[in-house]
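First comes the structure, then the notes that go with it.
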Amino acid sequence: PGIDTIQRASSLVEVVESGVVADAGDELAKFQLQCLSDIKSRAKKVHAQFEKYTQVAKSARARVQRRECAEAEALRMKTIREIGAFMDAKDLGLDQLYLHVAGSA
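Quick note on my numbering: the sequence shown kicks off at 48 and runs consecutively.
Given below as structure tokens:
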């Protein structure tokens, strides 16, 4: 919604700007054009900031996702090591481990 609002405001400024007649001797027209120019400038700055913050948010989401994947992978590896240690301690093969786990369920 943010970027759409900014774009809509910019297009409305252009519509209003096209309706303002810039007469060299008309102070009101000069003032209106200056105000419209200021609004367009602010809209461009807000748009640039919005884009920057959007990129920062995407980057943060990607970092969180990578960290979550790394944590899940570390847990998976730890689980595999612990199951291997359990199998060694009980001297179990894969079939025996399956029977042991299925029997305790």
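The beta-carbon is built from N, C-alpha and C at its ideal position, and this holds for glycine as well. Since the structure is predicted, the reported quantities are computational estimates derived from the model, not experimental observations.
With C-beta atoms as the reference, is residue i less than 8 Å away from residue j?
{"i": "ALA90", "j": "VAL60", "result": "yes"}
{"i": "SER65", "j": "LYS87", "result": "no"}
{"i": "HIS147", "j": "LEU139", "result": "yes"}
To the nearest whole angstrom, what separates the beta carbons of residue i and residue j, a pair I think is in contact under 8 Å?
{"i": "LEU83", "j": "VAL63", "result": "6 Å"}
In its own chain, which residues sit with a C-beta less than 6 Å from the C-beta of residue i, not counting the 5 before and 5 after it?
{"i": "LEU122", "result": "none"}
{"i": "ARG108", "result": "none"}
Here's a check: name, in chain order, each residue in its chain whose Cβ is nearer than 7 Å to the Cβ of residue i, leaving out the five neighbours to either side.
{"i": "LEU144", "result": "MET134"}
{"i": "ILE53", "result": "ALA90, VAL93, HIS94, PHE97"}
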